[in-house]
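Number of protein chains: 4
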Amino acid sequence: MSTKEPSTNRQQQAIQTKKKLLKAGREVFLQSGFQKTTISQIIKTANTGYGTAYVYFKNKNDLFIELMEELMIKFYEIAEKPFEPTTRENAHEMIANQVNLFLSLAVKEREMMQIVKEAIGVSEEVNQEWKNIQERFIKRIAQDIHYAQSQNLAKQNLDPTLVARGWFYSNEMFMWELVDNESHHSMDEIIRHLTIIYTSGLYFQNQF
Amino acid sequence: MSTKEPSTNRQQQAIQTKKKLLKAGREVFLQSGFQKTTISQIIKTANTGYGTAYVYFKNKNDLFIELMEELMIKFYEIAEKPFEPTTRENAHEMIANQVNLFLSLAVKEREMMQIVKEAIGVSEEVNQEWKNIQERFIKRIAQDIHYAQSQNLAKQNLDPTLVARGWFYSNEMFMWELVDNESHHSMDEIIRHLTIIYTSGLYFQNQF
Amino acid sequence: MSTKEPSTNRQQQAIQTKKKLLKAGREVFLQSGFQKTTISQIIKTANTGYGTAYVYFKNKNDLFIELMEELMIKFYEIAEKPFEPTTRENAHEMIANQVNLFLSLAVKEREMMQIVKEAIGVSEEVNQEWKNIQERFIKRIAQDIHYAQSQNLAKQNLDPTLVARGWFYSNEMFMWELVDNESHHSMDEIIRHLTIIYTSGLYFQNQF
Amino acid sequence: MSTKEPSTNRQQQAIQTKKKLLKAGREVFLQSGFQKTTISQIIKTANTGYGTAYVYFKNKNDLFIELMEELMIKFYEIAEKPFEPTTRENAHEMIANQVNLFLSLAVKEREMMQIVKEAIGVSEEVNQEWKNIQERFIKRIAQDIHYAQSQNLAKQNLDPTLVARGWFYSNEMFMWELVDNESHHSMDEIIRHLTIIYTSGLYFQNQF
DNA sequence: CATGAATGAGGCTTCATTCAT
DNA sequence: TATGAATGAAGCCTCATTCAT
Numbered sequence: 001m002s003t004k005e006p007s008t009n010r011q012q013q014a015i016q017t018k019k020k021l022l023k024a025g026r027e028v029f030l031q032s033g034f035q036k037t038t039i040s041q042i043i044k045t046a047n048t049g050y051g052t053a054y055v056y057f058k059n060k061n062d063l064f065i066e067l068m069e070e071l072m073i074k075f076y077e078i079a080e081k082p083f084e085p086t087t088r089e090n091a092h093e094m095i096a097n098q099v100n101l102f103l104s105l106a107v108k109e110r111e112m113m114q115i116v117k118e119a120i121g122v123s124e125e126v127n128q129e130w131k132n133i134q135e136r137f138i139k140r141i142a143q144d145i146h147y148a149q150s151q152n153l154a155k156q157n158l159d160p161t162l163v164a165r166g167w168f169y170s171n172e173m174f175m176w177e178l179v180d181n182e183s184h185h186s187m188d189e190i191i192r193h194l195t196i197i198y199t200s201g202l203y204f205q206n207q208f
Numbered sequence: 001m002s003t004k005e006p007s008t009n010r011q012q013q014a015i016q017t018k019k020k021l022l023k024a025g026r027e028v029f030l031q032s033g034f035q036k037t038t039i040s041q042i043i044k045t046a047n048t049g050y051g052t053a054y055v056y057f058k059n060k061n062d063l064f065i066e067l068m069e070e071l072m073i074k075f076y077e078i079a080e081k082p083f084e085p086t087t088r089e090n091a092h093e094m095i096a097n098q099v100n101l102f103l104s105l106a107v108k109e110r111e112m113m114q115i116v117k118e119a120i121g122v123s124e125e126v127n128q129e130w131k132n133i134q135e136r137f138i139k140r141i142a143q144d145i146h147y148a149q150s151q152n153l154a155k156q157n158l159d160p161t162l163v164a165r166g167w168f169y170s171n172e173m174f175m176w177e178l179v180d181n182e183s184h185h186s187m188d189e190i191i192r193h194l195t196i197i198y199t200s201g202l203y204f205q206n207q208f
Numbered sequence: 001m002s003t004k005e006p007s008t009n010r011q012q013q014a015i016q017t018k019k020k021l022l023k024a025g026r027e028v029f030l031q032s033g034f035q036k037t038t039i040s041q042i043i044k045t046a047n048t049g050y051g052t053a054y055v056y057f058k059n060k061n062d063l064f065i066e067l068m069e070e071l072m073i074k075f076y077e078i079a080e081k082p083f084e085p086t087t088r089e090n091a092h093e094m095i096a097n098q099v100n101l102f103l104s105l106a107v108k109e110r111e112m113m114q115i116v117k118e119a120i121g122v123s124e125e126v127n128q129e130w131k132n133i134q135e136r137f138i139k140r141i142a143q144d145i146h147y148a149q150s151q152n153l154a155k156q157n158l159d160p161t162l163v164a165r166g167w168f169y170s171n172e173m174f175m176w177e178l179v180d181n182e183s184h185h186s187m188d189e190i191i192r193h194l195t196i197i198y199t200s201g202l203y204f205q206n207q208f
Numbered sequence: 001m002s003t004k005e006p007s008t009n010r011q012q013q014a015i016q017t018k019k020k021l022l023k024a025g026r027e028v029f030l031q032s033g034f035q036k037t038t039i040s041q042i043i044k045t046a047n048t049g050y051g052t053a054y055v056y057f058k059n060k061n062d063l064f065i066e067l068m069e070e071l072m073i074k075f076y077e078i079a080e081k082p083f084e085p086t087t088r089e090n091a092h093e094m095i096a097n098q099v100n101l102f103l104s105l106a107v108k109e110r111e112m113m114q115i116v117k118e119a120i121g122v123s124e125e126v127n128q129e130w131k132n133i134q135e136r137f138i139k140r141i142a143q144d145i146h147y148a149q150s151q152n153l154a155k156q157n158l159d160p161t162l163v164a165r166g167w168f169y170s171n172e173m174f175m176w177e178l179v180d181n182e183s184h185h186s187m188d189e190i191i192r193h194l195t196i197i198y199t200s201g202l203y204f205q206n207q208f
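Those protein sequences? They're chains U, W, Z and P, same order as listed.
The first sequence begins at 1 in the UniProt record's numbering and counts up one residue at a time.
The second sequence begins at 1 in the UniProt record's numbering and counts up one residue at a time.
The third sequence begins at 1 in the UniProt record's numbering and counts up one residue at a time.
The fourth sequence begins at 1 in the UniProt record's numbering and counts up one residue at a time.
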């Protein structure tokens, strides 16, 4: 027994140190942005020895990705929401709801998302990580479209993946706009437009 | 007096030097990417004196933006194409055509566009420049939508700017995909799906 | 009392740990070379605690020398071979044989010898260790020369130590060449030439 | 005219700076040895800006090799000495003379040669450089042997390259001994023994 | 207008070693 | 004996930019 418990104590210590570094990292990233942040700053903020950071993280990217992943879990939760509409209206409503959750989360985490956006452009690793997230969303959306097609709710001559991609891209870009605080439109208006175009298109249907 | 003929010669000289630098810049950017390119490299490639580059460009961004602008003119030409459809079908066709031009240009200039993409993420100035281009496209698309609405071809309870934005964003993202060579879909298929969703939506219209 | 049986167990344990470290050391040294190998790597490979290595070895050199000594025992065995030739031809043959053993052993242990060579250049301690080995060889060869002189087989106006030195040095250098895989000559040819020059010289004797 | 001469002035300046760095380099290397010397030390000693050293040298090795090459020129001069003996005695004498020059130079440059020796063991580049020097000597000696064979002064069933190699190696090792101040023999004695063994061998010729 | 030698701030990273348990 | 988290000194190197000519 005494051979195992002491290690737990040590491990606890180690976990604390790592947490301290992550917390410091978040703080510095939020304050200085991704590019300008240096490992030194994080270390100083964390009040850790210089080498210590390198025990836990290979470099700045590595630390940031860990930080980012915490956040992305929340996005994944939204992506995985079930989607089984029974009518066209029902679908419309569910979709609007999903978009709402997605955009709201981004806005709520605005500060961190701004850093994420910067990091995507600068670091190939972070970019990769973001692509994974995109793909996860797109895949899930494609499934939903497939379901709607099988229920004869959606047009069947369209490739679910391609539609999912275009749809997600619009959402993502509006999301970045909101995160940047640069949108001149209200979130509700954005959602309304996105959803209408997506479900019903811009033009009037041909009158038979 | 002495400012007339000799200065013309000098100006000629100056223009030549600048061109030499821009050409070298393009070369190095294409080879090394945006981040890894250094002013020193460009200077060496241009076979110019170290200080000389600073006569013409404030820094790397500055030089790059000049390079980028040459390319963007071509995009503007596409954006400015007239759009005055008379029927729903006509509109559909014209839109598809526009998308085609847009994506084709990007693919044709793929190499430079890849660098542009990288630069957008890294340099705030380049990012700003790209935003200008986006806005120009969006503004023009909004005009077109407005026209379609006035012709009673398009739904009128939608804000042209907002629709234009969403529409452009989808197009842009597929464009980057194609530029990255990472799309698993043919350009024709992409265009077809984009246009259908945009004009007619994904779901069947309510019957009755 | 309690120092008897339990301590034996402990000692057993200790010996095991040390062996584990030495084995890991050999592995890492062979893979990464001397300079690039770090104590940390060895520790990780040995699956031992960080501090543990310091219980047994002062540092990298220390560990390496222990490893090296195992190998050097084999060289000593060759050096100690008896040498009591009765004729010039007999001597020639015995010498050739000795050289053969020496070079063959080095080639057989090539991988480790490469590391040894690197370590000699980098670490003063290892260098010292190698000098001991040289001296042991030279001393033994000097004895042999002395014996040959006493038997009136060898020239007597030559200092055995000096001759031994020059002789050993040639051998050693060819040995390193073979170890480096950089010799363009066969081992047999090398042995033949070494031995002939050593015993009979390069030039024809004076025809009196 | 005024377009060309100013550059000469600048170039002069640059050459001075480089010399300053080389001089500082020599100083620091002699004082601290190869491994312990850092670029920073050299820069401080040279009273130059930090980046300046990197304008002229890629790194420590690079600077050292330049320093080393100055010295090696002197060795090359010895290696290239003509060798066209007419008799066995003549050859013996010329060889002894050559050895004398070689060892004397090394002893005269003892301090620098000690650093060179250290550097050979530590830096692959320096090691390579030294190998070049060895090969140059060996090649030249092989030529000389070939000449002696053609004059029927030397045994003809021996491969000149192989003999040259063995001969040079003995010389080199004694050289390092002298440089290390670790030889217990006088240089004259060393030369005498080396030359005798090389030309006449250790053993008496067969009496027939 | 053109030059190019000189600068130095400042980031990155490694690793031997300690010491409390 | 054994452990392994924590340390921090120290070296490396790049590159934008200046300024005297």
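We put the beta carbon where it would ideally sit given N, CA and C, even for glycine.
Going by alpha carbons, who is nearest to residue i out of the options?
i	options	result
E77/W	K18/W, R140/W, E118/W and N47/W	R140/W
L30/P	F83/P, N157/P and E118/P	E118/P
Q35/Z	T52/Z, I15/Z, N61/Z and K18/Z	N61/Z
E129/Z	F64/Z, H184/Z, A53/Z and A24/Z	F64/Z
N132/U	A24/U, Q11/U, L153/U and A79/U	A79/U
L158/Z	H146/Z, E189/Z, L101/Z and S186/Z	H146/Z
N100/W	S186/W, K155/W and S123/W	S186/W
N152/P	S32/P, I190/P and E84/P	E84/P
H184/W	I190/U, R165/U, K155/U and E89/U	R165/U
Under the rule that 16 or more other beta-carbon atoms within 10 Å means buried, what is residue i, buried or exposed?
i	result
T38/Z	exposed
Q98/Z	buried
V116/W	buried
D144/U	buried
A91/Z	buried
T199/Z	buried
G121/W	buried
I190/W	buried
I73/Z	exposed
R26/Z	buried
E69/W	exposed
Between residue i and residue j, what straight-line distance do the alpha-carbon atoms span, to the nearest angstrom?
i	j	result
L71/Z	E125/Z	16 Å
L194/Z	I138/P	15 Å
V28/W	L67/W	12 Å
residue 269/Z	F75/Z	Residue 269/Z is absent from the model: chain Z starts at 1 and stops at 208.
K20/U	A46/U	6 Å
K18/U	A14/Z	33 Å
G51/W	L22/W	15 Å
Y56/U	K44/Z	16 Å
P160/Z	R110/P	27 Å
Q149/P	N59/Z	53 Å
Y54/W	Q41/W	14 Å
T8/U	Q16/U	12 Å
A142/U	V163/U	7 Å
R192/Z	A24/Z	39 Å
A96/U	T86/W	32 Å
R88/Z	I196/Z	12 Å
S170/Z	S170/P	5 Å
R10/P	G49/W	14 Å
- request: Specify whether the region 92-111 of chain U and the region 172-188 of chain U touch according to this definition: at least 3 beta carbon pairs, one from each stretch, less than 8 Å apart.
  value: yes
query: Taking the runs of the beta strand (DSSP E) that are 3 residues or longer, which of them lie wholly in the region 54-88 of chain W?
result: none
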